[in-house]
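The block underneath contains the structure these notes are about, expressed in structure tokens.
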Ligand SMILES: [Cu+2]
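Residue numbers (our numbering), protein chains in the order written: chain A, 126 to 314; chain B, -11 to 609.
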């Protein structure tokens, strides 16, 4: 159709997609940054009473899921489809377990309601926005898993896999900031 | 293809129908959930918010914007450059990948929103001619000023997107944007956004002004939720559009088009996009927090529960100050782009002008609290924010001196676009000079929330965006339509709008200095402001009349205007190498960059060429 051959190659397209994805994450990081600032502004050097064991468990699950995500992506890059499917499935299960831990348990046992005070407002907002991202990540991984199962990706061409993995790691990194902000920093107020 | 176009084949129509189905579905969903958890079935707020969100998604499905992505998710493949399925005028009402069509879509929607917001202004300005309330009540007045503000902001963002979408790929020698589907998505999401903003009129309105400060916005009528929803969606459009521009500029430049050989407009679109892609998140977050405070009773901004209203203002202005630079950088970039064409001289200090856009964008992130000098925030913050704000004058001054030096001893000609460029420069000077009094704490304490701010702000918006936008519409009209506009009507438009604007703006600053507060429906007759208010309103009506002439000119000339010559302004920019209107996949061969973009008047100099076709060479005088 066009003769702009440079911009037609897959490698060029891939680098373009990568830049787009990273800019999207940068943009999203501003939103999470805003939430972080909200926490500092309203809580200062205090924090609410939360279940530390549960916090540690969900955090470890999310961190471990990133490890399996990385293994899955590496497997894809080496043409090991079985390894990819297995790794992704573990990631998805851990992601869902994280959601169950945060929304199913922590939200229910938290010693404050959503409308009680600033602790409730900030806690539910931060965990809620993050959980929403984990949920979209799980959906993204399910789509990629299903397409990989049907052999839609190859060693050379698997941009969707890479994008899902990068997105997953990003959501994980956000939690690395949110976990101490919610559970560790400050005196129990 | 048959001549008759089926009504339902238009994406816009399908989208609206889908939205009409989606909204009740969303409302029903909320009602069911409420019943399931044992709450009273009907509650208007969550019903309208969720109904709106589901309606917006339904609209996007109906218009066809999500089909390709669904196909991709289901494991399908997408062609890289599909040819447009629809031709002729119907393209403009459909999902399309062509950045030029999307640019025009943005432009037309922008002008429509401008007209609506302008109409709101005429209605409440007329109310202000006399003291006392004549035909509006206080709530209606407040809703109209609020909607005037936010619809204008949306219109300007649409205008920014119109220019950057149409021009950026052309100017860097690309055949489309980096992500055409995302581009179309970013346009169409504005339609439900506009519908929501305007629907707030029928849902009780909202009385907060466009800034939506809590606690007022927590208590406002239901209309404010539709306002939040509308802003949320056009904010999303802004972010995605900006991301696309950045990637396009970084990745799709023609070989040899280094950063410092890009047309200056591309620099400003790039700087603008850096702001939009990041800061927009913060206004969305601040509005979302108010939205949730209303829906779930969260206590972000309720001091009784440990909340703080100042938090909202910090988050809100972190975007809403830089937003002004989104508007203005685009406009100033247009001035720098067009001025050399009509002066036939190189742009003075090209590199400095290019970098000054980035400078303004960067400093813009550190000035937001100048809106909060009277808010009760910690006093030690005042002086640093005063200085950071004043610092903006440096890169802005670079642009001004560049314009003056470019015009110095140039061979000026005064066609309509040039008149608007010169008008923009002089108005922006007024806007710029009236800025520091607001930045300096001592004077701002007096000026805050007065009509002086209104005058200052309208001067920056008219000089920094409206006039350059008009200049751009006239300048690229022959490129877009292949026809020439009516020069006489164009000049008439300018000579009505330009003086009327000065009357309006100086009038606003004058009464502001003497104590007229902004955003009030009524004022004390003893202040003696009836006559200046009357003048301001008349000036506003003259501006409206001039815009009407502008529209008539555009519509008439699109149909009946004389066929335009290939390069009516003797511009060196690459888009003028192509036929007008431009064919679907812009450049038949990659551009070759052989010289500098702004060497106007340098005999024999060439900027770009398409191999084996004509070049635009500077002639011997
Ligand atoms: Cu500001």
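A virtual CB, placed ideally from N, CA and C, is assigned to each residue, including glycine.
Predicted model, so just to flag it, every value in this text is computed and none were measured.
Min CB distance residue i to chain B below 7 Å
i	result
residue 141 of chain A	yes
residue 292 of chain A	no
residue 155 of chain A	yes
residue 220 of chain A	no
residue 239 of chain A	yes
residue 135 of chain A	no
residue 308 of chain A	no
residue 145 of chain A	yes
residue 166 of chain A	yes
Test: residue i CB closer than 7 Å to a CB of chain A
i	result
residue 294 of chain B	yes
residue 299 of chain B	yes
residue 287 of chain B	yes
residue 40 of chain B	no
residue 273 of chain B	yes
residue 227 of chain B	yes
residue 519 of chain B	no
residue 284 of chain B	yes
residue 595 of chain B	no
residue 410 of chain B	no
residue 61 of chain B	yes
residue -9 of chain B	Residue confidence is low: residue -9 of chain B scores 48 on pLDDT, short of 50, so the model does not pin down where it sits. Its coordinate-derived value is still stated next. It does not; no Cβ of chain A falls within 7 Å.
residue 265 of chain B	yes
For residue i, the first and last residue of its enclosing beta strand (DSSP E)
i	result
residue 218 of chain A	Careful: residue 218 of chain A lies outside any beta strand (DSSP E), inside the alpha helix (DSSP H) at 206 to 224.
residue 597 of chain B	594 to 597
Inter-residue Cα distance where the pair is residue i and residue j
i	j	result
residue 201 of chain A	residue 218 of chain A	19 Å
residue 584 of chain B	residue 189 of chain B	51 Å
residue 489 of chain B	residue 289 of chain B	39 Å
residue 226 of chain A	residue 149 of chain A	28 Å
residue 12 of chain B	residue 144 of chain B	31 Å
residue 613 of chain B	residue 399 of chain B	With chain B running from -11 to 609 in the structure shown, residue 613 of chain B is simply not present.
residue 136 of chain B	residue 554 of chain B	39 Å
residue 116 of chain B	residue 439 of chain B	13 Å
residue 149 of chain B	residue 174 of chain B	10 Å
residue 307 of chain B	residue 3 of chain B	30 Å
residue 211 of chain A	residue 560 of chain B	57 Å
residue 192 of chain B	residue 186 of chain B	11 Å
residue 268 of chain A	residue 168 of chain A	39 Å
residue 127 of chain A	residue 89 of chain B	Only weak support is given to the placement of residue 127 of chain A: the predicted model assigns it a pLDDT of 41, under 50, and the value that follows is read from those uncertain coordinates. So the two alpha carbons sit approximately 19 Å from each other.
residue 129 of chain A	residue 138 of chain A	No answer about residue 129 of chain A holds up, because its pLDDT of 46 lies below 50 and its placement is not dependable.
residue 247 of chain A	residue 206 of chain B	17 Å
residue 335 of chain B	residue 200 of chain B	42 Å
residue 456 of chain B	residue 339 of chain B	21 Å
residue 473 of chain B	residue 568 of chain B	14 Å
C-beta neighbour in chain D for residue i, strict 7 Å
i	result
residue 235 of chain B	The structure shown has no chain D; the protein chains it does contain are A and B.
Residue interval of the alpha helix (DSSP H) (run including residue i)
i	result
residue 2 of chain B	-1 to 24
residue 169 of chain B	168 to 176
residue 264 of chain A	243 to 274
residue 373 of chain B	370 to 379
residue 114 of chain B	87 to 115
residue 298 of chain B	297 to 331
residue 269 of chain B	252 to 284
residue 187 of chain A	177 to 202
residue 127 of chain B	126 to 160
Exercise. Check whether the segment 531 to 547 of chain B touches the segment 439 to 449 of chain B, counting contact only when three or more Cβ pairs, one atom from each stretch, lie closer than 8 Å.
Key: no
Practice problem: For the segment 159 to 173 of chain B, enumerate the residues whose C-beta is nearer than 7 Å to any C-beta of chain A, in chain order. | Solution: Answer in chain order: 163, 166, 167.
Self-check item: chain A contacts from the segment 177 to 196 of chain B (Cβ-Cβ distance under 8 Å)
Solution: Taking 8 Å as the Cβ-Cβ cut-off against chain A, none of the residues of the segment 177 to 196 of chain B qualify.
Quiz item: Three or more beta-carbon pairs under 8 Å between the segment 115 to 131 of chain B and the segment 79 to 88 of chain B, yes or no?
Solution: By the Cβ rule, the segment 115 to 131 of chain B does not count as touching the segment 79 to 88 of chain B, because fewer than three pairs are nearer than 8 Å.
Quiz item: Got a sec: which bits of the segment 244 to 266 of chain A sit with their beta carbon under 8 Å from any beta carbon on chain B, in order along the chain?
Solution: Result list: 244, 245, 246, 247, 249, 250.
Practice problem: Report the residues of the segment 105 to 132 of chain B with a CB closer than 8 Å to any CB of chain A, ordered along the chain. | Solution: none
Quiz item: Hey, is the segment 222 to 233 of chain B in contact with the segment 265 to 282 of chain B, meaning 3+ C-beta pairs nearer than 8 Å?
Solution: yes
Exercise. Using a Cβ-Cβ cut-off of less than 7 Å, give me the residues of the segment 169 to 183 of chain A that come near chain B, in sequence order.
Key: none
Quiz item: Does the segment 570 to 582 of chain B come within contact of the segment 483 to 499 of chain B, defined as at least 3 CB pairs closer than 8 Å?
Solution: no
Exercise. Take every Cβ of the segment 464 to 474 of chain B, pair it with every Cβ of the segment 328 to 345 of chain B, and state whether three or more of those distances are shorter than 8 Å.
Key: The segment 464 to 474 of chain B vs the segment 328 to 345 of chain B: no contact.
Practice problem: May I ask you to list, following chain order, the residues of the segment 269 to 282 of chain A that have a beta carbon less than 7 Å from some beta carbon of chain B? | Solution: 272, 275, 277
Quiz item: Name the residues in the segment 41 to 52 of chain B whose C-beta lies less than 7 Å from a C-beta of chain A; which are they?
Solution: none
Quiz prompt | Stretch-stretch touch, CB-based, cutoff 8 Å, three pairs: the segment 260 to 279 of chain A with the segment 303 to 321 of chain B | solution = No: the two stretches stay apart, fewer than three of their Cβ pairs being nearer than 8 Å.
Exercise. Pair every Cβ in the segment 254 to 268 of chain A with every Cβ in the segment 221 to 238 of chain A, then say whether three or more of these pairs are closer than 8 Å.
Key: Touching, yes.
Quiz item: Closer than 8 Å, Cβ to any Cβ of chain A: which residues of the segment 238 to 262 of chain B, in chain order?
Solution: 238, 239, 240, 243
Self-check item: Touching by the beta-carbon criterion (3+ pairs, under 8 Å), the segment 271 to 291 of chain B and the segment 150 to 165 of chain B
Solution: no
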